[in-house]
Amino acid sequence: MIEIALKMLFGERAKYAILVSGICFATILMTQGLSFFFGILGFSYATAKNIRAPIWVVDPLVQSVDENQPLRDTDVNRVRSVEGVAWAVPLYIGGTQAKLLSGGATYQVTLAGLDADTLAGAPAKLISGNILDLRLPQSVIVDMAFVERIQEERGKELRLGDMLEMNDRRAVIVGIAEAAEGQGNGSFVFTTWDRAKEYAPGQRSMLTHILAAPAPGWSEADVTRAITRETGLKAVSEAQLKQMSSDSMVTNSPLPYFVGLLVGVGFVIGLGISGQTFYAFVLENTRHLGALKAMGASDFKLAQMIVVQAAIVGFVGFGVGVGVMSGFFSLLPEGRAPLVLLWQIPLIVFLAVTLICMVAAVVCVWRVSRIEPGIVFRS
Amino acid sequence: MNDSNSILETGFAVRLRGVNKSFRSGDQITDVLKQIEFEARTGEMTFVVGPSGCGKTTLLSVLCGTLDTDAGEVTTLGHALHALSAARVTQFRARNVGFIFQQFNLLPTLTAAENVAVPLRIQGVPASKALARAREWLARVGIPEKANEHPSRLSGGQQQRVAIARSLVHEPSLIVCDEPTSALDSVTGHQVMELLRDTTRGGRCTVIVVTHDPRIYQYADRVAEMEDGRILRVAAPAPAQPGNPATN
Numbered sequence: 001m002i003e004i005a006l007k008m009l010f011g012e013r014a015k016y017a018i019l020v021s022g023i024c025f026a027t028i029l030m031t032q033g034l035s036f037f038f039g040i041l042g043f044s045y046a047t048a049k050n051i052r053a054p055i056w057v058v059d060p061l062v063q064s065v066d067e068n069q070p071l072r073d074t075d076v077n078r079v080r081s082v083e084g085v086a087w088a089v090p091l092y093i094g095g096t097q098a099k100l101l102s103g104g105a106t107y108q109v110t111l112a113g114l115d116a117d118t119l120a121g122a123p124a125k126l127i128s129g130n131i132l133d134l135r136l137p138q139s140v141i142v143d144m145a146f147v148e149r150i151q152e153e154r155g156k157e158l159r160l161g162d163m164l165e166m167n168d169r170r171a172v173i174v175g176i177a178e179a180a181e182g183q184g185n186g187s188f189v190f191t192t193w194d195r196a197k198e199y200a201p202g203q204r205s206m207l208t209h210i211l212a213a214p215a216p217g218w219s220e221a222d223v224t225r226a227i228t229r230e231t232g233l234k235a236v237s238e239a240q241l242k243q244m245s246s247d248s249m250v251t252n253s254p255l256p257y258f259v260g261l262l263v264g265v266g267f268v269i270g271l272g273i274s275g276q277t278f279y280a281f282v283l284e285n286t287r288h289l290g291a292l293k294a295m296g297a298s299d300f301k302l303a304q305m306i307v308v309q310a311a312i313v314g315f316v317g318f319g320v321g322v323g324v325m326s327g328f329f330s331l332l333p334e335g336r337a338p339l340v341l342l343w344q345i346p347l348i349v350f351l352a353v354t355l356i357c358m359v360a361a362v363v364c365v366w367r368v369s370r371i372e373p374g375i376v377f378r379s
Numbered sequence: 001m002n003d004s005n006s007i008l009e010t011g012f013a014v015r016l017r018g019v020n021k022s023f024r025s026g027d028q029i030t031d032v033l034k035q036i037e038f039e040a041r042t043g044e045m046t047f048v049v050g051p052s053g054c055g056k057t058t059l060l061s062v063l064c065g066t067l068d069t070d071a072g073e074v075t076t077l078g079h080a081l082h083a084l085s086a087a088r089v090t091q092f093r094a095r096n097v098g099f100i101f102q103q104f105n106l107l108p109t110l111t112a113a114e115n116v117a118v119p120l121r122i123q124g125v126p127a128s129k130a131l132a133r134a135r136e137w138l139a140r141v142g143i144p145e146k147a148n149e150h151p152s153r154l155s156g157g158q159q160q161r162v163a164i165a166r167s168l169v170h171e172p173s174l175i176v177c178d179e180p181t182s183a184l185d186s187v188t189g190h191q192v193m194e195l196l197r198d199t200t201r202g203g204r205c206t207v208i209v210v211t212h213d214p215r216i217y218q219y220a221d222r223v224a225e226m227e228d229g230r231i232l233r234v235a236a237p238a239p240a241q242p243g244n245p246a247t248n
């Protein structure tokens, strides 16, 4: 009977196409919504992706890596004195504005001031330049997003040696780094901690974060607990910092509502279009299903047929939808668009599509169970 | 009931005793079958005739188990349908009853052979075996070359031939036909009835035909006349006319 169900489904090509399109469209909407959600969440901890350190120490009130809550200058030494800490260095993270010295538009950037001695937290991958050149006077490393914005504005290539102006101070570009885009304008400018004091708007303390690492034989968990216990500061691992930052965004921004709406609309559209079309498909086949019932097909067999039809529509629509989104994502520049297709997203969407198909199938099975076989004798 | 009772008392395939059936539409209740007493003998072709709305189709639905009764006993091929569960009645229909419908009710997305194979597939016969049997039956009803055609590409007569093959492919003991010729022209109607008679003749297959097409009464072994939910009489059809191929 399954092959009869499939022939009934595939035989009506227009309806089959509408059914698959509905599920496909719902899949695309839900995948896009969830990808957008995780993409935006990624922005919330981009700083922790660009500045790598095993342990981060921040003010106890800080909830996100980009929060600029100054510490006391003595806190670096207090952290260094905790047993199990291999090293601890100061870090400044804050917003500032940058533009070409020759003029042009001003751009909001995230300024990262690294410890000049160790350059701990320096960008892992340089597209051009040398990381050690950060120790040269007035030197900065910019990321590719910043370079592209400047190049687009002035219409010619930005090169090493070009000059920027930040906080009325001159800065020389000595390197271009690959970096994940952050919040706001998303560009990162790296310099040393001492020099960051000049480039950033003045504030009482320029120590906003402390980067640290556990000594050999010590675990990150033990050391973070020890730092928190002995200094009263908040010490977290890189993973914890990312989680903390994304949690903060979820809690303090309207993002969940937007995404919930987007995913919800996708679900409702899927249920509406596919559910309704599937129901109409069953209604239009009432006479044929009644004939099968009259000829001795049990309600269970007819239910099997409907479930198989719903499952096929769901699988094909989901497959096409995810395929379309995967293809679309592969065309986007890596790390630039706020869209991330985590492996969990297709799984979540698949469960949602399964639910849509199950609801549609259950309603239709109920409808079929109420068909009187005697209907076939009515003209 | 009438003078044919003595003939019908033995060897019956269908026996209805005191059957009532009514339908409710809002507050209105319509009694469609009223104290029906009806019998059809094994191996015979019994016609149920009468004006529209007299209850013919309801009677057909009741005796083959596609419709429950409100009261009375329905015994078909030795099975007391009124006492069986819905699932058992469904199984009974699958094994024992072949259907020929007024509008053919062929599945439009299946080929002729696949349509004919449906009753076998419902019984769980493997697809390849069912299709082979279906092709044999299409040959027996004279359209072997149409096995792979879809119903939309067949004429009305050809579609009814497919329906006849479908009703016979699982070798049922009872075939119920609802207005089998009403959608066909006169010549095709006679051809279809001859085919039905030829394919069921000489076996133990009982055929019950509901019709108000007097052109085909001549094919009946017995005709039951209905009116207003009751059976007025059951009798042999009118004598054959000389030269009538159907009754000669």
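Chains A and B are the protein sequences, given in the same order.
Residues in the first sequence are numbered consecutively from 1, following this note's numbering.
Residues in the second sequence are numbered consecutively from 1, following this note's numbering.
Every residue gets a Cβ at the ideal spot worked out from N, C-alpha and C, and that includes glycine.
In the DSSP assignment, A/Glu-165 falls within the unbroken beta strand (DSSP E) covering 163 to 166.
The three-state secondary structure of A/Trp-218, taken from DSSP, is coil. Secondary structure of B/Phe-23 (DSSP, three-state): strand. According to the DSSP assignment, A/Asp-75 belongs to the alpha helix (DSSP H) that extends over 75 to 80.
For A/Trp-87, the enclosing beta strand (DSSP E) begins and ends at 85 to 100.
The straight-line gap separating the alpha-carbon atoms of A/Thr-208 and A/Arg-52 is approximately 16 Å. Ranked by how close their Cα comes to the Cα of A/Phe-278, the residues A/Val-172, A/Leu-19, A/Arg-170 have A/Leu-19 in first place.
Listed along the chain, the chain B residues whose CB falls inside 9 Å of the CB of A/Arg-287 are Gln-103, Asn-105. By the 16-neighbour rule on beta-carbons within 10 angstroms, B/Lys-21 is buried. Two segments are said to touch when three or more pairs of C-beta atoms, one from each, lie closer than 8 Å; by this definition the region 197 to 213 of chain A touches the region 66 to 73 of chain A.
For A/Ile-4, the closest Cβ of chain B is nearer than 8 Å. Here the C-alpha atom of B/Asn-96 lies approximately 15 Å from the C-alpha atom of B/Val-74. Among the residues of the region 268 to 293 of chain A, those with a Cβ less than 9 Å away from any Cβ of chain B are Asn-285, Arg-287, His-288, Gly-290, Ala-291, Leu-292, Lys-293, in the order of the chain. A/Ala-17 has a beta carbon lying at 8 Å or more from every beta carbon in chain B. Interface annotation, B/Thr-57: in contact with chain A, CB-CB separation under 8 Å. The C-beta of A/Met-305 comes no closer than 8 Å to any C-beta of chain B.
A Cβ-Cβ distance of about 7 Å is found for the pair B/His-82 and B/Gly-72, placing them in contact under the 8 Å criterion. Using a Cβ-Cβ cut-off of 8 Å, A/Ser-369 does not count as an interface residue toward chain B, since no Cβ of chain B sits closer than that to its own. When 9 Å is used as the limit between beta carbons, B/Ile-100 is near no residue of chain A, the shortest such separation being about 11 Å. Boundaries of the beta strand (DSSP E) around A/Thr-191: 187 to 192.
In this structure, the beta-carbon distance from B/Met-193 to B/Ile-175 does not fall below 8 Å.
Assignment of B/His-150 by DSSP, reduced to helix, strand and coil, places it in the coil class.
In this chain, the alpha helix (DSSP H) harbouring B/Gly-156 covers 156 to 168. Around the Cβ of A/Asn-285, a 10 Å sphere holds 16 or more other Cβ atoms; the residue is buried.
Neighbours of A/Ala-297 across chain B, judged by C-beta separation under 8 Å: Thr-90, Ala-94, Ile-122.
Close to chain A, meaning a Cβ-Cβ distance shorter than 7 Å, are the following residues of the region 166 to 188 of chain B: Asp-178. Looking at the backbone, the Cα of A/Val-142 and that of A/Leu-211 are separated by about 21 Å. Taking the Cα positions, A/Gly-129 is about 15 Å away from A/Met-163.
Of all residues in the region 246 to 260 of chain A, none comes within less than 7 Å of chain B when Cβ atoms are compared.
Counting only runs of 3+ residues, the beta strand (DSSP E) found wholly inside the region 214 to 261 of chain A occupies 234 to 237, in chain order. Residues of the region 60 to 81 of chain B with a Cβ closer than 9 Å to any Cβ of chain A, in chain order: Leu-60, Ser-61, Val-62, Cys-64, Gly-65, Thr-66, Leu-67. One finds Leu-107, Pro-108, Thr-109, Leu-110, His-150 in chain B with Cβ atoms closer than 9 Å to the Cβ of A/Gly-11, taken in chain order. Annotated three-state conformation of B/Met-226 is strand, per DSSP. An exposed status is given to B/Val-187, since fewer than 16 other beta-carbon atoms sit within 10 Å of its beta-carbon. Taking 8 Å as the threshold, the shortest C-beta distance from B/Ala-113 to chain A does not fall below it. If you ignore the 5 residues before and after A/Leu-9, its C-beta comes within less than 7 Å of the C-beta of Tyr-16, Gln-309, Ile-312, all in its own chain and listed in chain order.
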